[in-house]
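As structure tokens, the structure follows; a few thoughts come after it.
Below is the structure:
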């Protein structure tokens, strides 16, 4: 009996040993590690422990390589219990990011124990328009079923995305937009253009409820406010409506008026287009566009155009006496009763001889011809322009006016910018621009988008008239009333001193051009054009 019991015990022990070894061979690829257990233990004995398949380094490297290729199925195979929409979540993320490229840079593996680890990594994405987008994330791993697996959550894609969250791309709404210069910059400080800009925020090119500008990437998590994590705004678009105003020209105009005790304005336009490059207005409101004054001798530019069109040339000899007596009518004096005798038309224009232009107008022109010529330079034209209150969207402007002279006295006074002649500073800047370009153009809207449409109707000057006027205006700055006034090289212009019919001090004017820039300087009750307006023009042009 004892022998039988002993034999049975040996048989059972052998069976247990064989079963353990066979099970090890089937279930694992590692060598068994034997662990002794007491024979009397009531539980199933642990006879060995398995080492996990692979390593966290290998699993992380394989995951990152598949991610870089966009192989979501290969990534899924490396994830422990991946969600059913694993690939869809990645595709949605990429559709929002729209990255031109993506690079992953892993850090060193950090082991938390025998069966857990994490790999810090950096994503660098190239976003359209914006450029590089860098952020840090962590890939966590653990041993599952004797294999290293990725413990995936949406935070692997972007660290701020929680379970159920997502990355979305939006186009923000801004506005109504405020005006900016042509370069997209804020207007210079104390630019004296505010009255012309206020109305542009409601201009037709800008919806009153705002406009879509640039883009944003936002994280939307359940139960939390949406959060912007990356944004792009094209330069200038975030600040507003682009105007035709150029920053440097506007700054130069505004600073040229600093220290001027009287109310004054500078308007600058581009002769080839009619675009307004600067408007520095200290007249109050929109005075430079809407308030009319007697233009004084700057209007002789218009009268000279009619005379040149009637056959005179700059070298024509004319008389410049101290006084011209209109037959059977009033006497017209020169400024300070100056008598220059016989001179060329060029010299008479440069010296601003009232008597010369009164006589030539009486003898060679008539009321209808002068009114017709004034209209060719915009007098009587009402224009549409951006900014402020006025006609239609954005406001309008007035060029000038001239009533038909009813007698020789009125005709003579109108010929040198007195009488019924009135003009805004903008109007006279456009006159100077017409001389430079050879074509009168109305001012274009201040809002650049609105000004990009079809060019408004223009009036060409006969070539001999345009060339003759350039000759006359050049003489003014070379040896006339604006000579030796520190004006830059190449400036041509015309001074003007206009009597105030209400009895105040004279108004001062200077209009002219340099390159593709024409301008008008006006000083209310400033005195003579030479003493008050020309120095301001010199400061303005020297600063460009």
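In UniProt numbering, the protein residues as written are 1 to 544. For every residue, glycine included, the Cβ atom is placed at its ideal position computed from N, Cα and C.
I want to know whether the region 341–359 touches the region 399–418 - three or more CB-CB distances under 8 Å. yes
Residue 404: buried (16+ other C-beta within 10 angstroms of its C-beta) or exposed? By the 10 Å Cβ count, residue 404 comes out exposed.
Reduced DSSP secondary structure (H/G/I, E/B, other) of residue 505: coil
Beta-bridge partners of residue 142, as assigned by DSSP: Bridge partners of residue 142: 116 and 149.
Cα-Cα separation, residue 207 to residue 199: Note that residue 207 has pLDDT 43, beneath the 50 cutoff, so the model's placement of it is unreliable and the number below is only indicative. Between residue 207 and residue 199, the C-alpha separation is close to 13 Å.
Same chain, Cβ closer than 7 Å to residue 371, five either side skipped, listed in chain order: 402 and 404
Would a C-beta distance cut-off of 8 Å place residue 409 and residue 346 closer than the cut-off? no
Residue interval of the beta strand (DSSP E) (run including residue 521): 517–523
I'd like to confirm the pairing. Which residues does DSSP put opposite residue 123 in its beta bridges? 104 and 135
If we require 4 or more residues per run, which alpha helix (DSSP H) segments fall completely within the region 392–452? 408–415, 425–437 and 448–451
CB contact flag (residue 493, residue 515, <8 Å): no
Going by C-alpha distance, which of 376, 141 and 530 is nearest residue 509? 530
The alpha helix (DSSP H) with residue 478 in it runs from where to where? 463–479
Of the residues 58, 74 and 292, which one's Cα is nearest the Cα of residue 148? 58
Just reading off the alpha helix (DSSP H) that residue 72 is part of, what are its end residues? 72–77
Does DSSP put residue 227 in a helix, a strand or coil? strand
Residue 158 to residue 218 span [Cα, whole Å]: Taking the straight line joining both Cα atoms gives about 11 Å.
Could you tell me how far apart the beta carbons of residue 460 and residue 439 are, in whole angstroms, since I believe they sit closer than 8 Å? 5 Å
Host beta strand (DSSP E) of residue 498 (start-end): 492–498
Give me the residue from 308, 518, 505 and 535 with the minimum Cα distance to residue 481. 535
Could you tell me whether the region 119–137 touches the region 99–109, where touching means 3 or more Cβ pairs closer than 8 Å? yes
For the beta strand (DSSP E) containing residue 109, list its first residue and its last residue. Unbroken run through residue 109: none, as it is neither H nor E.
Is it true that the CB of residue 292 sits closer than 8 Å to the CB of residue 422? yes
Report the rounded CA-to-CA distance for residue 563 versus residue 354, giving the unit in angstroms. It is not possible to answer for residue 563, since the shown part of the chain is limited to 1 through 544.
Less than 8 Å between the C-beta atoms of residue 446 and residue 196, yes or no? yes
Which whole-angstrom value is the C-beta distance of residue 127 and residue 170, which I expect to be below 8 Å? That pair is no contact at about 14 Å.
If contact is defined by three or more beta carbon pairs under 8 Å, each pair taking one atom from either stretch, is the region 494–504 in contact with the region 241–258? No, the region 241–258 does not touch the region 494–504.
Checking 8 Å against the spacing of the C-beta atoms, do residue 344 and residue 298 come in under that value? The criterion of a C-beta distance shorter than 8 Å is not satisfied by residue 344 and residue 298.
Please list, in chain order, all residues of the same chain as residue 517 whose beta carbon is under 8 Å from its beta carbon, the five residues on each side excluded. 249, 268, 269, 270, 271, 277 and 544
Comparing alpha-carbon positions, which option in 78, 133 and 114 lies nearest residue 152? Taking only the C-alpha atoms, the option nearest residue 152 is 78.
In the structure shown, what three-state DSSP assignment does residue 357 receive? helix
Own chain residues within Cβ distance below 7 Å of residue 168, not counting five before or after: 96, 218 and 220
Would you kindly report the start and end of the unbroken alpha helix (DSSP H) that includes residue 57? 56–69
Helix, strand or coil for residue 536, going by three-state DSSP, please let me know. helix
For residue 476, count neighbouring Cβ atoms within 10 angstroms of its own Cβ and tell me buried if that reaches 16, exposed if not. Around the beta carbon of residue 476, 16 or more other beta carbons lie within 10 angstroms, which makes this residue buried.
Near residue 365, which residues of its chain fall below 6 Å by C-beta distance, leaving aside the five closest residues on each side in sequence? 306
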